[in-house]
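One structure is given below, encoded as structure tokens.
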Amino acid sequence: MSQKETHSISVALAAATCTLLGSGISATVDAQEEPAWDFNTSLLYYGEDGDRVKDFSVSAIARRMFIDDRYLTLGLTIDGLTGATPSGAIRQDVAQTFTRPSGNAAYSVAAGVLPLDDTFKDTRLALTAGWQQPVGDTSQVSVGASASKEYDYLHLGVNAKFARDFNQRNTTVSAGIALSMDSLDPVGGAPAPFSPMLDVGDTSNRLGDQDKDVLDIVLGVSQVISRDLVVQANYSYSKSDGYLTDPYKVLSLVDGTSGDTLLRSIAPGVDGPSHQFLFESRPGERTKHSIFGQAKYYMNGKVLDASYRYMSDDWEIDSHTVDLRYRIPFGANRYLEPHLRFYTQTDAEFYRLSIPDSLPLPGHASADYRLGNFDAITAGLKYGWRTRNDNEMSVRIEGYRQTGSVPADQLIGNQVSRDNFPDLNAIIVQFGYRF
Amino acid sequence: MPSSYSLVIASSQGQKRREIRLELAEDAWHGRFQAMGSPCELVCEAKKRHEALELTELVAGEAWRIEDKFSRYRAGNVVHRINTAGGRAVEVDDETADLLDFAVTLYNLSEHRFDITSGVLRRAWHFDGGDRVPSENIVSDVLRLVGWHRADWRRPFLQMPSGMEIDLGGIGKEYAVDRCAGLLREQGSSACLVNFGGDLAVSRAPEGRRSWKVAVEGDAEGEPAHLIDLKQGALATSGDARRYLLKDGIRYSHILDPMTGWPVPDAPRSITIAADTCVEAGMMSTLAMLKGAQAEPFLRAQDVVFWCRR
Chain A
572 MSQKETHSIS VALAAATCTL LGSGISATVD AQEEPAWDFN TSLLYYGEDG
622 DRVKDFSVSA IARRMFIDDR YLTLGLTIDG LTGATPSGAI RQDVAQTFTR
672 PSGNAAYSVA AGVLPLDDTF KDTRLALTAG WQQPVGDTSQ VSVGASASKE
722 YDYLHLGVNA KFARDFNQRN TTVSAGIALS MDSLDPVGGA PAPFSPMLDV
772 GDTSNRLGDQ DKDVLDIVLG VSQVISRDLV VQANYSYSKS DGYLTDPYKV
822 LSLVDGTSGD TLLRSIAPGV DGPSHQFLFE SRPGERTKHS IFGQAKYYMN
872 GKVLDASYRY MSDDWEIDSH TVDLRYRIPF GANRYLEPHL RFYTQTDAEF
922 YRLSIPDSLP LPGHASADYR LGNFDAITAG LKYGWRTRND NEMSVRIEGY
972 RQTGSVPADQ LIGNQVSRDN FPDLNAIIVQ FGYRF
Chain B
381 MPSSYSLVIA SSQGQKRREI RLELAEDAWH GRFQAMGSPC ELVCEAKKRH
431 EALELTELVA GEAWRIEDKF SRYRAGNVVH RINTAGGRAV EVDDETADLL
481 DFAVTLYNLS EHRFDITSGV LRRAWHFDGG DRVPSENIVS DVLRLVGWHR
531 ADWRRPFLQM PSGMEIDLGG IGKEYAVDRC AGLLREQGSS ACLVNFGGDL
581 AVSRAPEGRR SWKVAVEGDA EGEPAHLIDL KQGALATSGD ARRYLLKDGI
631 RYSHILDPMT GWPVPDAPRS ITIAADTCVE AGMMSTLAML KGAQAEPFLR
681 AQDVVFWCRR
């Protein structure tokens, strides 16, 4: 049979169909296969002001759909971190010298300047894999694994989640569990808690590798209230065990009256700290409880997404987060999404600006500002659009501002007049492309 | 997070309980019901629930009408009258006559391999994934009742030798899909996708999305699905991963050649076709199936969009 003859079959078939169906035929077919892989990629820049942390991150999530609503998801993220981060030591009216975390060199900080550790430089590679599939008509199960590697840190994790629909799929109840097993091999070795910062080349206070295990459990329920309103509530429990200390953070050992950091004598010809600094010490356990509530409200194409989280842990940090997003579509395939986030936390029970020599050493202490008393606000705008070939692009720009304070009863002598908790400002720029 | 809620409307049709379920999922209403042995659904962009319900009732009503009228399992309908006429001529209505005319065209286009009288071969063949391959004798016995050339069709009268039967099942579902899409267009309704057991058609191009995303099933061994963006037109699939016989390492497809009474050798496991109408897509995939090993060259010559799995 020649090509011409076969082609005539489709022409004859079309004519016969037209006779059968009458005039009801609409338009010429327009069908094309979608690639079975779906990629979601993003490029993120996070930059704190001044010489502080800059993070450049590239991530890609690939999702493959199989029959019966089963999905394989693979993720890859590469982070490049640079910049300086507060070491935990306080400002002084004189210059201060510190031994680098590696123990191989020293660096100095000018008088009146907040001591920052500028050796903070790292590249992180993170991989995730997940599988999701329905179980019967009303349930879904997903399992996953994750791994990430930094120069001094290795994370390995597994997770599983089960969800079941009730009430004609208006109610979904879910339970998830995640385990992670992390190991740390800090530059120069992890310092013993409360051990002093030593001279360059002296490693007598260094310990070997350290481990940390984390168990997370999340129980959730989501409910369709009406066609326009969906609400969700979660409870999560998180328990960390092991080495929870930041091996690069120190505290200044200060005079109990003046509040100034005690000087340290150095042997001639040796490089070492000018003042007395102690490496921080955190408890070996942390248990967090959080509750989370979210409502999504659809209004003629606009979507309001409001959520609140309360977290409380046995380090006595309590935090509140309110997050608001409002998606406003315009034109056929564009939207704007303003975003506001408010955050506030109380300080950890062992948060200290410094350690006075006049009092006995506390059980644990850290001057890490992230364990301090602070408020933060994030405000931003996202603009998203659909490209001509039906891919999605978005740009997000946000500003972050953090303001904190040290409890007044911790300020000693000269510390009262210094800025002990400088503000932190950062900008976040993200490009997203989904294809 | 669930994005759906349901509403069940039930009605009684004879002994059969028929119900429509309405669900909101992924920003579209899905009206679901059972007809012609398949799960059926209408997906529509209607804003309001009552509008979606009315459209689903319209579509389900038409599907059930076609099922009642042309199913060979329903006593008293036109197909039943033809199949039990005992050699007498039967006068049929216009719609049935149109379908018979269409079947004649396909019979001729397929070199007599598409034959609405071949349904009786099912007495010999049971495609249930098992290994019951019938004997040559049984097949040749049944084959004596197959062959449109034995029928005398003079519109509106059909006369066949006693014992012969017609089965419009090979056309009915696609015909129903196109009829429903046509009714929706007449209504001027919001854009809809009519999907009867995987044979589907678009009433008109969607507005709130670029296209309807349709997943065409892979096979039972977990072969991934094709995801098809359908903006206009229709899709139909022939072949089914679960309907075959397997004996002595030979896989017998459920596509029977009425000339031999045996499965078409080397037929693809499934063929999905995109065409202007569901009828064209469905008939083209059946015609290709009947070509066996030559299915793909045949389809390439048609200049149609197709997905073929072996």
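Taken in sequence, the protein lines are chains A and B.
The first sequence runs contiguously to residue 1006 in my numbering.
The second sequence runs contiguously to residue 690 in my numbering.
Positions of the beta carbon are idealized from the N, C-alpha and C atoms, including for glycine.
> Under the rule that 16 or more other beta-carbon atoms within 10 Å means buried, what is A:G830, buried or exposed?
Replying inline: As a position in the first sequence, residue 830 of chain A is number 259, starting the count at 1. It counts as buried.
> Any idea if B:S542 is buried or exposed, counting beta-carbon neighbours within 10 angstroms, 16 or more meaning buried?
Replying inline: As a first step, residue 542 of chain B is located in the second sequence; it is residue number 162 there, counting from the start. Label assigned to B:S542: exposed.
>> Tell me the residue span of the beta strand (DSSP E) that contains B:Y453.
In response: Start at 1 with the first residue of the second sequence, and residue 453 of chain B comes out as number 73. From DSSP, B:Y453 is part of no beta strand (DSSP E); its letter is neither H nor E.
> chain B partners of A:D784, CB-CB under 9 angstroms?
Replying inline: As a first step, residue 784 of chain A must be located in the first sequence, where it is residue number 213. Neighbours of A:D784 on chain B: none; closest Cβ ~30 angstroms, over 9 angstroms.
> Among the residues of its own chain, which have a CB less than 7 angstroms from the CB of A:L725, if the five just before and after it don't count?
Replying inline: Taking the first residue of the first sequence as position 1, residue 725 of chain A is located at position 154. For A:L725, where only same-chain residues beyond five positions count, the Cβ hits under 7 angstroms are D753 and S754.
> What separation, rounded to the nearest whole angstrom, lies between the Cα atoms of B:C560 and B:S583?
Replying inline: Here the question's residue 560 of chain B lines up with position 180 in the second sequence. Here the question's residue 583 of chain B lines up with position 203 in the second sequence. Approximately 8 angstroms, taken between the alpha carbons.
> Under 8 angstroms between C-beta atoms, does B:A616 make it to chain A?
Replying inline: Indexing the second sequence from 1 puts residue 616 of chain B at position 236. Not one chain A Cβ lies under 8 angstroms of B:A616.
>> Using C-beta distances below 7 angstroms, list every residue in its chain close to A:N985, excluding the 5 sequence neighbours before and after it, in chain order.
In response: Taking the first residue of the first sequence as position 1, residue 985 of chain A is located at position 414. If we look at A:N985 and ignore the five residues flanking it on each side, its Cβ neighbours are S829, G830 and D831.
>> Between B:T640 and chain A, is any beta-carbon pair separated by less than 8 angstroms?
In response: On the second sequence, residue 640 of chain B is found 260 positions in, with the first residue counted as 1. Output row for B:T640: interface = no.
> Going along chain B, which residues have a C-beta under 8 angstroms from A:Q603?
Replying inline: Here residue 603 of chain A refers to the residue found at position 32 of the first sequence. I608, D609 and V685, listed in chain order.
>> Rounded to the nearest angstrom, what separates A:D817 and A:E851 at their Cα positions?
In response: In the first sequence, the residue the question calls residue 817 of chain A occupies position 246. In the first sequence, the residue the question calls residue 851 of chain A occupies position 280. Answer to the nearest angstrom: the Cα atoms are 7 angstroms apart.
>> Based on DSSP bridge pairs, tell me the residues matched to B:W687.
In response: Along the second sequence, one-based indexing puts residue 687 of chain B at 307. Answer is B:T652, bridged to B:W687.
> How would you write the range of the alpha helix (DSSP H) that B:T666 sits in, first residue to last?
Replying inline: For this step, residue 666 of chain B is matched to residue 286 along the second sequence. Element bounds for B:T666: C658 to L670.
> What residues in the region 784 to 818 of chain A have a beta carbon less than 7 angstroms from any beta carbon of chain B?
Replying inline: S793, V795, R798, V801 and Q803
>> What does the Cβ neighbour count give for A:I788, buried or exposed, with the cut at 16 atoms within 10 Å?
In response: Along the first sequence, read from residue 1 onward, the residue named residue 788 of chain A stands at position 217. Exposed, by the Cβ-count rule.
> From which residue to which residue does the alpha helix (DSSP H) around A:I837 run?
Replying inline: Numbered from 1 along the first sequence, position 266 holds the residue referred to as residue 837 of chain A. Counting along the chain, A:I837 falls outside any alpha helix (DSSP H), and DSSP gives it neither H nor E.
> Would you say B:Q414 reaches chain A, if we count a Cβ-Cβ gap shorter than 8 angstroms as a contact?
Replying inline: Here residue 414 of chain B refers to the residue found at position 34 when the second sequence is read from its first residue. For B:Q414, the answer is no, since every Cβ of chain A falls outside 8 angstroms of its Cβ.
> Under 9 angstroms Cβ-Cβ, which residues of chain A neighbour B:Q612?
Replying inline: Against the second sequence, residue 612 of chain B aligns to sequence position 232. Simply S597, A598, T599, V600, D601 and A602.
> Just checking my contact of B:R401 with B:R412 at CB under 8 angstroms: how many whole Å lie between their CB atoms?
Replying inline: One-based indexing of the second sequence puts residue 401 of chain B at position 21. One-based indexing of the second sequence puts residue 412 of chain B at position 32. The pair is a contact, with the Cβ atoms about 5 angstroms apart (cut-off 8 angstroms).
>> Please list the terminal residues of the continuous alpha helix (DSSP H) segment that includes B:T485.
In response: Here residue 485 of chain B refers to the residue found at position 105 when the second sequence is read from its first residue. Here the alpha helix (DSSP H) through B:T485 covers D474 to L489.
> Hey, would you say B:I653 sits closer than 8 angstroms to A:E604, going by beta carbons?
Replying inline: If you number the second sequence from 1, residue 653 of chain B lands on position 273. If you number the first sequence from 1, residue 604 of chain A lands on position 33. No. Outside cutoff.
> In terms of residues, what are the limits of the alpha helix (DSSP H) holding B:Q567?
Replying inline: Translated into positions along the second sequence, residue 567 of chain B becomes position 187. Here the alpha helix (DSSP H) through B:Q567 covers G549 to Q567.
> Using CA coordinates, which residue listed in A:L696, A:S673 and A:L875 is at the minimum distance from A:D894?
Replying inline: In the first sequence, counting from the first residue as 1, residue 894 of chain A sits at position 323. It is A:L875 whose Cα lies nearest to the Cα of A:D894.
>> Can you look up A:L769 in the DSSP assignment and give me helix, strand or coil?
In response: Counted from its first residue, the first sequence places residue 769 of chain A at position 198. Correct three-state label for A:L769: coil.
>> With the cut-off set at 8 angstroms, would you say A:A682 and A:D664 are in Cβ contact?
In response: On the first sequence, position 111 is the one that residue 682 of chain A refers to. On the first sequence, position 93 is the one that residue 664 of chain A refers to. Against a cut-off of 8 angstroms, the Cβ pair of A:D664 and A:A682 comes out as a contact.
> Who are the Cβ neighbours of B:W528 in its own chain at under 6 angstroms, not counting the five residues just before and after it?
Replying inline: As a position in the second sequence, residue 528 of chain B is number 148, starting the count at 1. Around B:W528: Y487, D495 and T497.
> Any contact of the region 715 to 729 of chain A with the region 856 to 876 of chain A, i.e. 3+ C-beta pairs under 8 angstroms?
Replying inline: no
>> Quick check on DSSP: helix, strand or coil for A:S679?
In response: Taking the first residue of the first sequence as 1, we reach residue 679 of chain A at position 108. Three-state result, A:S679: strand.
>> For B:G499 and A:F733, I'd like the C-alpha separation in whole angstroms.
In response: Position 119 of the second sequence holds residue 499 of chain B. Position 162 of the first sequence holds residue 733 of chain A. Cα to Cα, the separation comes out at about 46 angstroms.
> When you compare only the Cα positions, how much space is there between A:L645 and A:F627?
Replying inline: Start at 1 with the first residue of the first sequence, and residue 645 of chain A comes out as number 74. Start at 1 with the first residue of the first sequence, and residue 627 of chain A comes out as number 56. About 21 angstroms.
> Counting along the chain, where does the alpha helix (DSSP H) carrying B:S520 start and finish?
Replying inline: Sequence index remark: in the second sequence, residue 520 of chain B carries index 140 (1-based). Taken as a continuous stretch (DSSP letters only), the alpha helix (DSSP H) holding B:S520 covers E516 to L523.
> Which residues does DSSP pair with A:V825 in a beta bridge?
Replying inline: Counting from one through the first sequence, the residue named residue 825 of chain A turns up at place 254. A:V825 is bridged to A:T832 and A:P927.
> alpha helix (DSSP H) containing B:Q682: first to last residue?
Replying inline: Reading the second sequence from its first residue, position 302 is the one you call residue 682 of chain B. Run containing B:Q682: A675 to Q682, per the alpha helix (DSSP H) assignment.
> Does DSSP put B:R502 in a helix, in a strand, or in coil?
Replying inline: Here residue 502 of chain B corresponds to residue number 122 of the second sequence, with the count starting at 1. B:R502 falls in the helix class under three-state DSSP.
> When burial is assigned at 16 or more other CB atoms within 10 Å of the CB, is A:N960 buried or exposed?
Replying inline: Your numbering for residue 960 of chain A matches position 389 in the first sequence. Burial call: exposed.
> At which residue ranges does the region 579 to 621 of chain A contain complete alpha helix (DSSP H) runs of 4 or more residues, listed in the order of the chain?
Replying inline: none
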